[in-house]
Amino acid sequence: MEVVVDLLAALDKVSGASMDDVSVADLLEIQTALEQAHRRIPAVTHRIQAALSRRTGPSELGARSWADALSIRLRLSKTEACRRLSQAELLGPRQSITGEPLDPIYPATAAALARGELTAEHVGIITATMKKIPPSVDAQTRAKAEADLAAVAATQCPESLRRVARLLLQMLDPDGPDPNGDDTVDRRELMRGVFLGPQDEDGMSNFWGKITPEFRAYLEAAFPKLAGKGMCNPDDEQPCTTGTPSAEAIAADTRSLGQRQHDALMALARAALMSGQLGDHNGLPVSVVVTTTLTQLHEAAGVARTGGGSTLPMRDVIRLAAHSYLWLTVFDDATGIPLYLGRTKRIASPGQRLVLYAREGGCTFPGCPVSAYRSQTHHAVTDFGAGGHTDIDNETLACGPHNRLVKEGGWTTRLRADGRVEWIPPPLLDTGQTRINSLHHPEELLREDGSDDP
Numbered sequence: 001m002e003v004v005v006d007l008l009a010a011l012d013k014v015s016g017a018s019m020d021d022v023s024v025a026d027l028l029e030i031q032t033a034l035e036q037a038h039r040r041i042p043a044v045t046h047r048i049q050a051a052l053s054r055r056t057g058p059s060e061l062g063a064r065s066w067a068d069a070l071s072i073r074l075r076l077s078k079t080e081a082c083r084r085l086s087q088a089e090l091l092g093p094r095q096s097i098t099g100e101p102l103d104p105i106y107p108a109t110a111a112a113l114a115r116g117e118l119t120a121e122h123v124g125i126i127t128a129t130m131k132k133i134p135p136s137v138d139a140q141t142r143a144k145a146e147a148d149l150a151a152v153a154a155t156q157c158p159e160s161l162r163r164v165a166r167l168l169l170q171m172l173d174p175d176g177p178d179p180n181g182d183d184t185v186d187r188r189e190l191m192r193g194v195f196l197g198p199q200d201e202d203g204m205s206n207f208w209g210k211i212t213p214e215f216r217a218y219l220e221a222a223f224p225k226l227a228g229k230g231m232c233n234p235d236d237e238q239p240c241t242t243g244t245p246s247a248e249a250i251a252a253d254t255r256s257l258g259q260r261q262h263d264a265l266m267a268l269a270r271a272a273l274m275s276g277q278l279g280d281h282n283g284l285p286v287s288v289v290v291t292t293t294l295t296q297l298h299e300a301a302g303v304a305r306t307g308g309g310s311t312l313p314m315r316d317v318i319r320l321a322a323h324s325y326l327w328l329t330v331f332d333d334a335t336g337i338p339l340y341l342g343r344t345k346r347i348a349s350p351g352q353r354l355v356l357y358a359r360e361g362g363c364t365f366p367g368c369p370v371s372a373y374r375s376q377t378h379h380a381v382t383d384f385g386a387g388g389h390t391d392i393d394n395e396t397l398a399c400g401p402h403n404r405l406v407k408e409g410g411w412t413t414r415l416r417a418d419g420r421v422e423w424i425p426p427p428l429l430d431t432g433q434t435r436i437n438s439l440h441h442p443e444e445l446l447r448e449d450g451s452d453d454p
């Protein structure tokens with residue numbers, strides 16, 4: 001620990017030094033030296049993580065996983081925490097079952113990183129390339145490939161390394177993978193995935209992924225019909241979703257191919273929700289859940305919030321409500337009291353969940369991005385097993401994994417005077433971090449009053 005204190009003291013000294021009188025040549029030398037120091041730090045953190053993994057586990061700290069432990073203590077995103085853990089597993093020291101030290105999985109890359117020769121981008125290219133090498137390649141050839149990549153990375157920029165890596169893969173597998181081979185099928189199954197990115201300021205979202213041949217075959221069959229001219233056009237008063245569109249609808253359709261395919265996917269999702277065959281999820285029929293205020297609804301202005309945590313323009317809310325595609329919660333602007341819940345006459349249990357959707361926005365665990373759609377009801381004051389009542393004043397939302405963290409010796413929750421839920425961490429995870437989740441309520445971070453009196 002003393003050497004780390006000395007390192008931080010040295011950094012304080014460097015950061016406080018004036019650069020005004022330093023020559024350009026010396027500035028460049030300082031920049032290079034600091035870059036090399038910056039590159040060497042991950043190798044040290046890999047050793048730290050290896051030591052932690054040998055001596056304890058995330059559950060003993062009060063976390064669900066090491067990714068959660070790093071996210072909480074270091075305020076990292078889950079993506080960054082997983083990236084660091086993955087690299088530590090590949091590049092950090094290992095032990096055999098009997099306790100004997102073992103080299104890292106990628107020893108040449110680990111050594112180059114420890115010398116400060118590689119950037120994070122270099123490491124990412126090498127590890128991604130090694131995963132693509134076919135299982136049929138023997139261990140000796142695989143090890144030489146890793147050493148060659150590390151040697152190139154030590155002297156070349158990431159783009160040059162990327163080209164060398166591509167060439168190396170072609171040399172190791174010149175005929176390419178067998179499309180029907182077990183290895184190829186397994187790799188396809190691992191690579192498949194579709195992702196929905198966060199909303200931009202204008203409400204739009206990125207949507208991307210890698211789909212299997214089977215999924216592509218479905219889209220290839222559906223798009224020519226549903227994404228054809230005049231089909232599923234939201235600009236039409238009565239969009240044609242079945243049958244053949246009229247000549248007028250076809251002639252008036254000015255959408256691009258990409259726009260038509262977007263509208264076709266939207267029509268497919270809407271039809272699935274309207275079918276009523278998706279059943280219930282977390283106490284509500286699978287449907288769009290929307291929260292708004294009476295003023296916004298009357299003036300048809302502003303945006304509402306969905307159970308997924310996204311915003312929805314009021315013109316879209318009104319169009320959805322007209323077709324009963326959604327569950328709607330309307331609040332009084334002044335009192336915040338719900339004036340209307342749902343779309344059915346008996347709304348006791350669904351009504352409570354709708355209020356939670358509106359009040360919490362999602363899982364209340366600090367920093368958790370899980371939306372209300374994917375969260376469960378959690379007893380915030382007294383757990384049900386300990387005599388807690390299932391009423392709205394005792395309930396909040398928590399995703400399944402975080403819900404299970406609340407136990408004796410683990411995390412605890414309490415309800416503040418303002419109705420927000422605090423999560424109190426166990427001692428080894430307590431760094432004085434925030435106790436509430438403002439991710440679903442970013443407007444709170446702009447308020448002057450940060451009171452947290454219980």
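Residue numbering for the sequence shown follows full-length UniProt numbering, beginning at 1 and increasing consecutively.
In this text, a Cβ means the ideal position worked out from N, Cα and C, and glycines have one as well.
Please read these numbers as outputs of a predicted model, since none were measured by experiment.
Margin query: Restricting to Cα atoms, I'd like to know which of Ile30, Pro58 and His281 is closest to proline 426.
Written below: Of the candidates Ile30, Pro58 and His281, the one whose C-alpha sits nearest the C-alpha of proline 426 is Pro58.
Report task. Give the secondary structure of cysteine 82 by DSSP, where H, G and I count as helix, E and B as strand, and everything else as coil. Result -> DSSP places cysteine 82 in helix when its eight states are reduced to three.
By alpha-carbon positions, which one of Glu237, Val406 and Ala120 ends up nearest to alanine 61?
The question names alanine, but residue 61 is leucine in the sequence shown. Out of Glu237, Val406 and Ala120, Val406 has the C-alpha closest to the C-alpha of leucine 61.
**Message:** Starting from alanine 272, trace the alpha helix (DSSP H) in both directions and tell me its first and last residue.
**Reply:** Counting along the chain, the unbroken alpha helix (DSSP H) around alanine 272 starts and ends at 257-274.
- Alpha carbon to alpha carbon, how far is glutamate 220 from proline 234? Here the alpha carbons of proline 234 and glutamate 220 stand approximately 22 Å from one another.
- Minimum C-alpha distance to alanine 417 - residue among Asn403, Gly99, Ile436 and Leu429: Nearest option by C-alpha distance: Ile436.
| query | Of the residues Thr56, Arg83, Arg54 and Arg55, which one's Cα is nearest the Cα of alanine 67? | reply | If we check each option's Cα against that of alanine 67, Arg83 comes out closest.
Margin query: For leucine 34, report the span of its alpha helix (DSSP H) as first-last.
Written below: Where leucine 34 is concerned, the enclosing alpha helix (DSSP H) stretches over 24-55.
Proline 245 classed as buried or exposed, judged by whether at least 16 other C-beta atoms fall within 10 angstroms: Counting C-beta atoms within 10 angstroms of its own C-beta, proline 245 has 16 or more neighbours from the protein chains shown and is therefore classed as buried.
**Prompt:** Excluding sequence positions up to five away, which residues of its chain have a Cβ less than 8 Å from the Cβ of threonine 311?
**Reply:** When the five nearest sequence neighbours on each side are left out, the beta carbons in the same chain lying within less than 8 Å of the beta carbon of threonine 311 are those of Gln199, Gly203, Val303, Ala304 and Arg305, in order along the chain.
Other residues of its chain near arginine 353: CB distance less than 8 Å, five sequence neighbours each side excluded:
Non-local C-beta neighbours of arginine 353 in its own chain, meaning closer than 8 Å and more than five positions away in sequence, comprise Asn282, Gly283, Leu284 and Thr377, ordered along the chain.
Would a C-beta distance cut-off of 8 Å place glycine 92 and alanine 25 closer than the cut-off?
-> The Cβ-Cβ distance between glycine 92 and alanine 25 does not fall below 8 Å.
Going by DSSP, name the residue or residues bridged to cysteine 368. Beta-bridge annotation (DSSP): cysteine 368 is not paired with any residue.
Quiz prompt | Local conformation of methionine 1 per DSSP, three classes | solution = The three-state secondary structure of methionine 1, taken from DSSP, is coil.
Alanine 139 to valine 5 span [Cα, whole Å] = Those two C-alpha atoms are separated by around 42 Å.
Problem set entry | CB of leucine 172 within 8 Å of CB of alanine 145, strictly | Contact: yes.
Going by beta carbon distance, what residues of the same chain come within less than 6 Å of proline 442, once the five residues before and after it are set aside?
Spatial neighbours of proline 442 in its own chain (CB-CB distance under 6 Å, excluding positions within 5 residues in sequence) are not present.
- Query: glycine 361 by DSSP, collapsed to three states: which one?
  - Reply: Residue state, collapsed to three classes: coil.
Notebook entry, point to check: Does the beta-carbon distance from isoleucine 125 to arginine 162 come in below 8 Å?
Noted result: Result yes, Cβ atoms of isoleucine 125 and arginine 162 sit closer than 8 Å.
Item to check | Helix, strand or coil at threonine 109 according to DSSP, with G and I counted as helix | outcome: In the structure shown, threonine 109 sits in a helix (DSSP, three-state: H, G or I).
Checklist entry - Whose CA, out of Asp280, Val137, Arg404 and Glu444, lies closest to the CA of proline 174? => result Comparing Cα positions, the closest option is Val137.
Which of helix, strand or coil does DSSP assign to histidine 379? In the three-state scheme derived from DSSP, where H, G and I count as helix and E and B as strand, histidine 379 is classed as strand.
How is the beta strand (DSSP E) around arginine 163 delimited, first residue to last? Taken as a continuous stretch (DSSP letters only), arginine 163 belongs to no beta strand (DSSP E), being part of the alpha helix (DSSP H) at 158-172.
Problem - Where isoleucine 250 sits in the DSSP three-state scheme - result: Assigned with DSSP and collapsed to three states, isoleucine 250 falls in helix.
| Which residues in the same chain have their Cβ closer than 8 Å to the Cβ of leucine 169, if we skip the five residues on either side of it in sequence? | Within the same chain, Thr129, Lys132 and Ile133 come within 8 Å of leucine 169 by CB-CB distance, once the 5 residues on both sides are set aside.
So, under 8 Å CB-CB, glycine 307 and alanine 380 are touching, yes? Tell me the CB distance rounded to an integer number of Å. Glycine 307 to alanine 380, Cβ: 19 Å. No contact.
| task | Determine the direct distance from the alpha carbon of arginine 39 to that of glycine 16, and round the result to whole angstroms. | result | Whole-angstrom Cα-Cα distance: 22 Å.
Neighbour-count burial assignment, tyrosine 357, 16 or more Cβ in a 10 Å radius: Tyrosine 357 sits buried, since 16 or more C-beta atoms from the chains shown fall within 10 Å of its C-beta.
Q) Hey, alanine 110 and alanine 217: beta-carbon distance below 8 Å or not? A) At least 8 Å separates the beta-carbon of alanine 110 from that of alanine 217.
Tell me whether the beta-carbon of glycine 309 lies closer than 8 Å to the beta-carbon of glycine 362.
Cβ distance < 8 Å, so glycine 309 and glycine 362 count as in contact.
In the DSSP assignment, the alpha helix (DSSP H) including isoleucine 424 goes from what residue to what residue?
No alpha helix (DSSP H) holds isoleucine 424; the beta strand (DSSP E) holding it covers 421-424.
*What did DSSP end up calling glycine 400 once you bin it into helix, strand or coil?*
Three-state DSSP puts glycine 400 in a helix.
* To do: Give every residue of the same chain whose Cβ lies closer than 7 Å to the Cβ of methionine 19, excluding the five residues on either side of it in the sequence, and list them in chain order.
  => Closer than 7 Å at Cβ, skipping near neighbours: Leu27.
task = Taking 8 Å as the cut-off, decide whether the C-beta atoms of valine 286 and glycine 279 are in contact.
result = Cβ distance < 8 Å, so valine 286 and glycine 279 count as in contact.
Check: Hey, would you say leucine 397 sits closer than 8 Å to glutamate 360, going by beta carbons?
Finding: Cβ distance < 8 Å, so leucine 397 and glutamate 360 count as in contact.
Under the assumption that arginine 115 contacts leucine 429 (Cβ atoms under 8 Å), give the Cβ distance between them as a whole number of angstroms.
That belief does not hold up - the Cβ atoms of arginine 115 and leucine 429 are roughly 34 Å apart, past 8 Å.
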